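Asker:
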Amino acid sequence: MNKAFSFDLFNKMPVVGIMRNIPDAHIDTIAGVYCRSGLTNLEITMNSPNAEQNISLLADLYGDELNIGAGTVCSMGDLEKALKANAQFIVTPVINEEVIKTCVAEKVPIFPGAYTPSEIYKAWSLGASMIKLFPAGDLKPGYIKEILAPLSFVSLMPTGGVNLENFINYFQQGAKGVGVGSQLFPKDVINRQDWQALAGVYVSFVSKYRDFIADKK
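The numbering used here puts the first residue of the sequence shown at 27, with every later residue one more than the last.
1. Indicate whether the contact test is met: 3 or more Cβ pairs, each with one atom in the region 28-39 and one in the region 61-68, closer than 8 Å.
2. If you compare alpha carbons, which of 78, 121, 159 is closest to residue 183?
3. Would you list, in sequence order, the uninterrupted beta strand (DSSP E) runs of no fewer than 3 residues that lie entirely inside the region 156-240?
4. Distance, Cα to Cα, residue 167 vs residue 212?
5. Using 8 Å as the Cβ pair cut-off and three pairs as the minimum, do the region 127-136 and the region 170-180 touch?
6. Which word fits residue 138, buried or exposed, when buried means at least 16 other C-beta atoms lie within 10 angstroms of its C-beta?
7. Would DSSP call residue 53 helix, strand or coil?
8. To the nearest angstrom, report how far apart residue 29 and residue 60 are at their CA atoms.
9. Out of 164, 163, 120, state which residue places its alpha-carbon closest to the alpha-carbon of residue 146.
10. Is it buried or exposed for residue 163, if we count other Cβ within 10 angstroms and need 16 for buried?
11. Tell me whether residue 91 sits in a helix, a strand or coil according to DSSP, three-state version.
12. Are the region 214-227 and the region 191-204 touching, with three or more C-beta to C-beta distances below 8 Å?
13. Below 8 Å on the Cβ atoms is my contact criterion, and I expect residue 115 with residue 89 to pass it. Report the Cβ-Cβ distance as a whole number of Å.
14. Based on Cα-Cα distance, which residue from 221, 198, 71 lies nearest to residue 239?
15. Compute every distance between the C-beta of residue 92 and the non-hydrogen atoms of the ligand ATP, then say whether any falls below 7 Å.
16. Whose C-beta lies closer than 8 Å to the C-beta of residue 52 among residues of the same chain, with five residues either side of it excluded?
17. Quick check on the burial criterion: 16 or more other C-beta atoms within 10 angstroms. Buried or exposed for residue 104?
Here is the structure:
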């Protein structure tokens, strides 16, 4: 039976690490380092080799400590595979109404991709749990604030081009989460299996977010 997604766990450290094309041999080790460093949300993209197998593995091993999700879910076929693998949340790069409605019916959190105000509103109206604002790397400064002025009820998760230097800025503008890919899974560090260096990357994100929260109090 699927372990349930936890919004408390998500909000504890609302950074979603996006694993894409990570070697199978390192998946478990990296997830362990990720978890021990204080991060709480991990996504494996469905266009990665053995995605279902690895989602199932991590959901089984870390499903109580990490929210384990499936990303790049573009079709009902992808969704069915992801749910069968026990993914705890679903992320899409686009608006697929059938995927969103199915997730809502199954009570599985769904973060569909959208960019314009109309796309964001449509995805939210269909029942999205949070909107993956994508690609965030092309956003002009203040875009999130401008979106949230009329759509203050929407939860946004900028993804694409998010890194250690800019991710706090998105939270300052009102984002509820961020999606981070290659910055959290640097190929050179993984290829040389330098897990201490990888932990350092993760701790940097965690520390910076905790400092941001402390400064708000």
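All residues carry an ideal CB built from backbone N, CA and C; glycine is no exception. Quantities reported herein were computed from a predicted structural model and do not represent experimental measurements.
Answerer: In this structure, then:
1. yes
2. 159
3. Qualifying beta strand (DSSP E) stretches, in chain order: 157-159, 182-184, 204-206.
4. Answer to the nearest angstrom: the Cα atoms are 26 Å apart.
5. no
6. If you draw a 10 Å sphere on the C-beta of residue 138, you find 16 or more other C-beta atoms in it, and that means buried.
7. helix
8. 19 Å
9. Of the listed residues, the one whose Cα sits closest to residue 146 is 120.
10. exposed
11. DSSP places residue 91 in coil when its eight states are reduced to three.
12. no
13. Contact doesn't hold; Cβ gap of about 11 Å is too wide.
14. Nearest to residue 239 by alpha-carbon distance, out of 221, 198, 71, is 198.
15. The model on display carries no ligand, and the ligand ATP is accordingly not part of it.
16. Excluding residues within five positions, the ones whose Cβ falls inside 8 Å are 216, 219.
17. buried
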